[in-house]
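Visitor:
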Amino acid sequence: MLAPFVDRLVAYLVDGLILGAIAMVYTIPLVIYVTSQAVALAGPDGTGDPAAVPGYVASVLISTGVAFVLGTLLSYLYHVEFVLKSGQTPGKRFMKLHIVRLGQLPGQGIGRGDAAKRWGATLGLNLVPFGAYLDGLWQLWDKPYQQCLHDKAAATTVVKVSPVSTAMPGGVFQ
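Using full-length UniProt numbering, you'd call the opening residue of the sequence shown number 1 and step up by one each time.
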């Protein structure tokens with residue numbers, strides 16, 4: 001059975017919460033660092049030293065760059081490695097969803113290349129205004145596989161897997 005929109009949305013939200021919690025591990029120290037730099041720049045009387053502004057701006061830019069690189073790496077590892085190992089992210093596992101190549105059964109895996117295509121398409125669409133919404137909503141009118149745009153990029157779809165259907169030969173799509 002193809003995964004319903006609401007199940008995919010809940011899985012996406014669960015994955016977002018997990019990734020957000022992990023990102024806080026490096027984001028909070030970076031924010032503390034940048035804030036402490038701003039406080040030091042202002043000085044005890046709040047007037048600050050104008051000559052120190054370029055150094056502060058550089059620290060903000062470097063911190064932002066570090067956060068971007070770490071976030072991108074974390075996203076890649078999360079979405080590609082989990083899918084590579086089990087065909088599921090933790091959110092999809094929670095909702096009993098499985099990513100499959102078109103024409104394959106759950107458990108056969110989709111490969112690193114296809115997992116990376118899904119991730120790359122999602123990343124690219126997130127950089128386009130309203131691209132993330134279009135990507136996620138695409139499945140509502142896509143027929144016959146209810147694919148999001150990132151699914152189309154890798155020739156994959158998401159199916160709902162129940163304990164009964166995985167034990168039945170060929171019964172995954174029932």
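C-beta: ideal position from N, C-alpha, C; glycine also.
What would DSSP say about residue 180, mapped onto helix, strand or coil?
Guide: It is not possible to answer for residue 180, since the shown part of the chain is limited to 1 through 174.
Visitor: From tyrosine 53 to leucine 41, what does the alpha carbon distance come to, in whole angstroms?
Guide: On the sequence shown, position 53 is the one that residue 53 refers to. On the sequence shown, position 41 is the one that residue 41 refers to. Correcting the residue type first, residue 53 is valine in the shown sequence and not tyrosine. Cα to Cα, valine 53 sits roughly 7 angstroms from leucine 41.
Visitor: Below 8 angstroms on the Cβ atoms is my guess for leucine 125 versus leucine 137; work out the distance and round it to an integer in Å.
Guide: Residue numbering aside, residue 125 sits at position 125 when the sequence shown is read from its first letter. Residue numbering aside, residue 137 sits at position 137 when the sequence shown is read from its first letter. At roughly 11 angstroms, the Cβ-Cβ gap does not stay under 8 angstroms, so leucine 125 and leucine 137 are not in contact.
Visitor: Hey, would you say alanine 121 sits closer than 8 angstroms to leucine 149, going by beta carbons?
Guide: Start at 1 with the first residue of the sequence shown, and residue 121 comes out as number 121. Start at 1 with the first residue of the sequence shown, and residue 149 comes out as number 149. Their beta carbons are under 8 angstroms apart, which means alanine 121 touches leucine 149 by this criterion.
Visitor: When you compare the region 93–109 with the region 21–29, are there three or more beta-carbon pairs, one atom per stretch, that lie closer than 8 angstroms?
Guide: The region 93–109 vs the region 21–29: no contact.
Visitor: Is the region 79–88 touching the region 54–64 in the sense that three or more CB pairs, one from each, lie closer than 8 angstroms?
Guide: No: the two stretches stay apart, fewer than three of their Cβ pairs being nearer than 8 angstroms.
Visitor: Looking only at DSSP bridge pairs, what is histidine 98 linked to?
Guide: Position 98 of the sequence shown holds residue 98. Partner(s): Val159.
Visitor: CA-CA distance, alanine 153 and glycine 20?
Guide: Sequence index remark: in the sequence shown, residue 153 carries index 153 (1-based). Sequence index remark: in the sequence shown, residue 20 carries index 20 (1-based). Whole-angstrom Cα-Cα distance: 25 angstroms.
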